[in-house]
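Trainee: Protein chains in written order, with our numbering: chain A, -7 to 165; chain B, -7 to 165. Have a look at the structure that comes next, please.
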DNA sequence: GCCTAAGTTCAAAAATTATTGAAACTTCAG
DNA sequence: CTGAAGTTTCAATAATTTTTGAACTTAGGC
């Protein structure tokens, strides 16, 4: 149900109208939005990913904006996020500056990368602090139970940090 | 630097003043706050847990409120959250209505439970929708690549649902 | 080299989420 | 029973996060 005329043939469509998401597309988007929410990824980002995910070929900037009905800024920021986390790839058209986007082959890899990027920095930054907290508790002769808790926390943190690189090698592998 | 007098001996302390968190406690709280943030758990909840975690014995409502400097409402809601997710346990004093709280023995188990409670419902609710999306795509003869993606998503969802109960049995085991 | 399509930036507005605190409820010690 | 300690509730407010859009930058076609 597109607005009447498209000003005849291939004329520059001054405001090409895009179809809103179809029910089946909405359903998928909802799923991604929910999952993303758990990791604190904003709705618009999840929607963009969902759109690329159900789309048959690569999708360009204006289509994303048009079909999702969101602002240029959101599209730009959303694509940046997805790019930074290596969740999407771009294909350049031959005689045009325009980029067209599609999801990275493995969603699994994308998710792991995303998790890493959130959890790792926290673990790394915490390392020295946690050790200090433990040392402190020992120094002041806290209850053995508390010492035990804090030790376990330290061990976990260390093991997580050792395991992390195996889970998915940092950029470049 | 506590407000001058405590009205001498063991008199009912009309507004007992609590020490603010010590540096080592703050350090630990920061760690928990950050980790909690990844899962979208609010700061105040993480702080409460951290306080119980470094404390030598069980801690009561008023101490939590006093030491963290947060409102009654926040403490109540925070404890509710932690209780609901089985991350803390209460010990009742003999001749008093007051409850005192301490962390559940296994933080690991707590975390798994927390994750479950967020992810599982999403997976469950998504199940039928995802199947419909796939069926739809097949019906309309979408690109094989898209079909493949959607199939994989469905398979994952199913496997995750199968695995979930093994990861940690639902309330009662 | 220009000029404009394509995309980015970022301050302000909107939307969402967390916290507060006063009132209401509950439970038990007396 | 009754009173008040102990806790919960929830509407209002505060804090945070997301989205918008207009001004700006950049790249590349001509």
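Quick reminder that beta carbons are idealized off the backbone N, C-alpha and C, glycines included. Keep in mind that this is a model prediction, so the values were computed, not measured.
Going by CA-CA distance only, name the one from 136(B), 150(B), 104(B), 142(B) that's closest to residue 19(A).
Mentor: Closest option to residue 19(A), Cα to Cα, is 142(B).
Trainee: Along the stretch 70 to 87 of chain B, where does the CB come closer than 8 Å to a CB of chain A? Name the residues.
Mentor: Under the 8 Å Cβ criterion, the stretch 70 to 87 of chain B contributes no residue.
Trainee: Kindly indicate if chain A contains any beta-carbon less than 8 Å away from that of residue 143(B).
Mentor: Chain A, which has no Cβ nearer than 8 Å to the Cβ of residue 143(B), makes this no.
Trainee: Are the beta-carbon atoms belonging to residue 84(B) and residue 91(B) less than 8 Å from one another?
Mentor: Yes, these two residues count as a Cβ contact at 8 Å.
Trainee: Buried or exposed: which applies to residue 87(A), given that a residue is buried once 16 or more other Cβ atoms fall within 10 Å of its Cβ?
Mentor: When all chains shown are included, residue 87(A) counts as exposed.
Trainee: Leaving aside the five residues before and after residue 106(A) along the sequence, list all residues of the same chain whose C-beta is less than 6 Å from its C-beta, in chain order.
Mentor: Only 77 meet the Cβ criterion.
Trainee: Using a Cβ-Cβ cutoff of 7 Å, what residues of the stretch 117 to 134 of chain B are near chain A? List them in chain order.
Mentor: So the list reads 118, 121, 122, 124, 125, 128, 134, given in the order they occur along the chain.
Trainee: My guess is that residue 111(A) and residue 30(B) are in contact by the Cβ rule of under 8 Å, so how many angstroms apart are they, rounded?
Mentor: Rounded, the Cβ-Cβ distance is 6 Å, consistent with contact.
Trainee: Residue 35(A) lies in the alpha helix (DSSP H); which residues open and close that run?
Mentor: Its alpha helix (DSSP H) spans residues 35 to 46.
Trainee: Tell whether a beta-carbon distance below 8 Å holds between residue 136(B) and residue 93(B).
Mentor: Not in contact: residue 136(B) and residue 93(B) (Cβ atoms no closer than 8 Å).
Trainee: Can the beta-carbon of residue 36(B) be found less than 8 Å from the beta-carbon of residue 62(B)?
Mentor: Taking 8 Å as the Cβ cut-off, residue 36(B) and residue 62(B) qualify as a contacting pair.
Trainee: From the DSSP secondary-structure annotation, give me the bridge partner or partners of residue 132(B).
Mentor: Residue 132(B) pairs with nothing; no bridge assigned.
Trainee: Quick one: residues in its chain with C-beta nearer than 8 Å to the C-beta of residue 40(B), no 5 flanking neighbours on either side, listed in chain order?
Mentor: The residues are 56, 60, 67, 70, 71, 74.
Trainee: Please report whether the beta-carbon of residue 53(B) lies at a distance below 8 Å from any beta-carbon of chain A.
Mentor: No, its Cβ sits nowhere closer than 8 Å to a Cβ of chain A.
Trainee: Look at residue 159(A) and residue 104(A) and say whether their C-beta atoms are less than 8 Å apart.
Mentor: Yes, the Cβ-Cβ distance between residue 159(A) and residue 104(A) is below 8 Å.
Trainee: Give the residues from the stretch 6 to 21 of chain B that approach chain A closer than 9 Å (Cβ to any Cβ), ordered along the chain.
Mentor: The residues in question are 14, 15, 16, 17, 19, 20.
Trainee: So residue 23(A) packs on residue 121(B), CB below 8 Å; how close in whole Å?
Mentor: Between residue 121(B) and residue 23(A) the Cβ distance is about 6 Å, and since that is below 8 Å, they are a contact.
Trainee: Are the C-beta atoms of residue 96(A) and some chain B residue less than 8 Å apart?
Mentor: Not an interface residue.
Trainee: Are there 16 or more other CB atoms within 10 angstroms of the CB of residue 47(B), so buried, or fewer, so exposed?
Mentor: So residue 47(B) counts as buried.
Trainee: Whole angstroms is fine: what's the gap from residue 130(A)'s alpha carbon to residue 140(A)'s?
Mentor: Rounded to whole angstroms, residue 130(A) to residue 140(A) spans 10 Å at the Cα level.
Trainee: How is residue 203(B) classed by DSSP in three states: helix, strand or coil?
Mentor: The requested residue 203(B) does not occur in the structure, where chain B is confined to residues -7 to 165.
Trainee: Bridge partners of residue 84(A), per DSSP?
Mentor: The partner list for residue 84(A) (beta bridge, DSSP) reads 91(A).
Trainee: What are the boundary residues of the alpha helix (DSSP H) that residue 57(B) is part of?
Mentor: It spans 53 to 60 - the alpha helix (DSSP H) in which residue 57(B) sits, taken as one unbroken run.
Trainee: Use the C-beta contact count for residue 28(B): other C-beta atoms within 10 angstroms, 16 or more gives buried, fewer gives exposed.
Mentor: Residue 28(B) is buried by the Cβ-count criterion.
Trainee: Under 7 Å, CB to CB, which of the residues in the stretch 100 to 117 of chain B have a partner in chain A?
Mentor: From the stretch 100 to 117 of chain B, only 110, 111, 114 have a Cβ closer than 7 Å to chain A.
Trainee: Taking 8 Å as the CB-CB cut-off, is residue 138(B) touching chain A?
Mentor: True, the Cβ-Cβ gap to chain A drops below 8 Å.
Trainee: Kindly list, in the order they appear in chain B, the residues whose Cβ is closer than 9 Å to that of residue 45(A).
Mentor: Neighbours of residue 45(A) on chain B, chain order: 138, 141, 142, 145.
Trainee: For residue 80(A), I'd like the list of residues in its chain whose CB is within less than 8 Å of its CB, leaving aside the five on either flank, ordered along the chain.
Mentor: Closer than 8 Å at Cβ, skipping near neighbours: 41, 44, 71, 74, 93, 94, 95, 96.
Trainee: Looking at the structure shown, is residue 79(A) part of a helix, part of a strand, or coil, going by DSSP?
Mentor: Reduced to three states, the DSSP call for residue 79(A) is coil.
Trainee: Between the Cα of residue 153(B) and those of 128(B), 108(B), 65(B), spot the shortest distance and give me the residue it belongs to.
Mentor: The option with the nearest alpha carbon to residue 153(B) is 108(B).
Trainee: Measure how close the beta-carbons of residue 123(A) and residue 146(A) come, nearest whole angstrom, since I'm counting them as under 8 Å.
Mentor: About 6 Å separates the two Cβ atoms, so the contact holds.
Trainee: Contact criterion: CB-CB distance below 8 Å. Does residue 61(A) meet it with respect to chain B?
Mentor: No, residue 61(A) lies away from the interface with chain B (no Cβ there is under 8 Å from its Cβ).
Trainee: Would you kindly report the start and end of the unbroken alpha helix (DSSP H) that includes residue 11(B)?
Mentor: Residue 11(B) -> no alpha helix (DSSP H), and no H or E assigned at all.
Trainee: Does DSSP classify residue 32(B) as helix, strand or coil?
Mentor: In the structure shown, residue 32(B) sits in coil (DSSP, three-state: anything other than H, G, I, E or B).
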